[in-house]
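Peer 1:
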Amino acid sequence: NAGVTQTPKFQVLKTGQSMTLQCAQDMNHEYMSWYRQDPGMGLRLIHYSVGAGITDQGEVPNGYNVSRSTTEDFPLRLLSAAPSQTSVYFCASSARTGEVEAFFGQGTRLTVV
Amino acid sequence: GDSVTQMEGPVTLSEEAFLTINCTYTATGYPSLFWYVQYPGEGLQLLLKATKADDKGSNKGFEATYRKETTSFHLEKGSVQVSDSAVYFCALSDQRGYSTLTFGKGTMLLVSP
Chain A
1 NAGVTQTPKF QVLKTGQSMT LQCAQDMNHE YMSWYRQDPG MGLRLIHYSV
51 GAGITDQGEV PNGYNVSRST TEDFPLRLLS AAPSQTSVYF CASSARTGEV
101 EAFFGQGTRL TVV
Chain B
1001 GDSVTQMEGP VTLSEEAFLT INCTYTATGY PSLFWYVQYP GEGLQLLLKA
1051 TKADDKGSNK GFEATYRKET TSFHLEKGSV QVSDSAVYFC ALSDQRGYST
1101 LTFGKGTMLL VSP
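Residue numbers (my numbering), protein chains in the order written: chain A, 1 to 113; chain B, 1001 to 1113.
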């Protein structure tokens, strides 16, 4: 059972470059979210989705775009990378009903130079 | 908005010592409360949860009780092991779903033999 899969695991970008962080889940979960983890800051919510075609901003959305065309996938796009976006990014998913739990991917460590 | 405050670390203990990590929250409505654990280089895993006042969550010897009167959800374990060394996050979820979480900043626990 794969759960939540994030790719890539590591990435180095130059300032101004764009890229997409991939997140896929195979549990048919309606809810998906993206977080960034910075030292001493815990995890902060970037964007979230409550179903295919529906997304909304979290606490720190600036510089990031998302879309949700399928239930399984929730990619995070960095339009023009900045050093301040150096972080570890986590994707999570959860069911609408039943399981009271979020499932997390293994994370993507992004460095912007 | 919602917020979670947890004690700063690192918390350094000897094996078999008693553990308490304090967590308090501010939220509107009736959030669900969680403790997640992160081992080095990994994503987050659910440790325990409570969905209503006076519920006690427990798992692997860890316990926490949802105290609405003190808005607290303190994590305890009677006898820690070296393998418990990790970062512990207190979190709450609201009506946006269980993967849309507000996290504390995390507490690192270091257990020595």
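The beta-carbon is built from N, C-alpha and C at its ideal position, and this holds for glycine as well.
1) Could you please give me the residues that DSSP links to Met32(A) through a beta bridge?
2) If we count the other Cβ atoms within 10 Å of its Cβ and call it buried at 16 or more, is Gly98(A) buried or exposed?
3) Output needed in chain order: residues of the segment 1008-1032 of chain B with a Cβ under 7 angstroms from some Cβ in chain A.
4) Hey, Gly1029(B) and Asp1094(B) are a contact pair by Cβ (cut 8 angstroms); roughly how many whole angstroms apart?
5) Apart from the five residues just before and just after Asp56(A), which ones in its own chain have a Cβ nearer than 8 angstroms to its Cβ?
6) Beta carbons nearer than 7 angstroms to chain B: which residues of the segment 28-44 of chain A have them?
7) For the segment 1043-1061 of chain B, which residues have a CB atom closer than 7 angstroms to at least one CB atom of chain A, in sequence order?
8) Just the chain B side, please: which residues come within less than 7 angstroms of Gly107(A) by C-beta, in chain order?
9) Can you name the residues of chain B whose CB is closer than 7 angstroms to the CB of Ser93(A)?
10) Going residue by residue through the segment 1075-1108 of chain B, where are the continuous beta strand (DSSP E) segments of at least 3 residues, counting only ones entirely within it?
11) Let's test the definition: count the other Cβ atoms within 10 Å of the Cβ of Arg36(A) and tell me whether it reaches 16, buried, or not, exposed.
Peer 2: So, to answer that:
1) Ser49(A) and Ser93(A)
2) exposed
3) Ser1032
4) 7 angstroms
5) His47, Tyr48, Ser49 and Val50
6) Tyr31, Met32, Ser33, Gly40, Met41, Gly42 and Leu43
7) Gly1043, Leu1044, Leu1046, Lys1049 and Thr1051
8) Gly1043
9) Ser1099
10) 1075-1077, 1086-1093 and 1101-1103
11) buried
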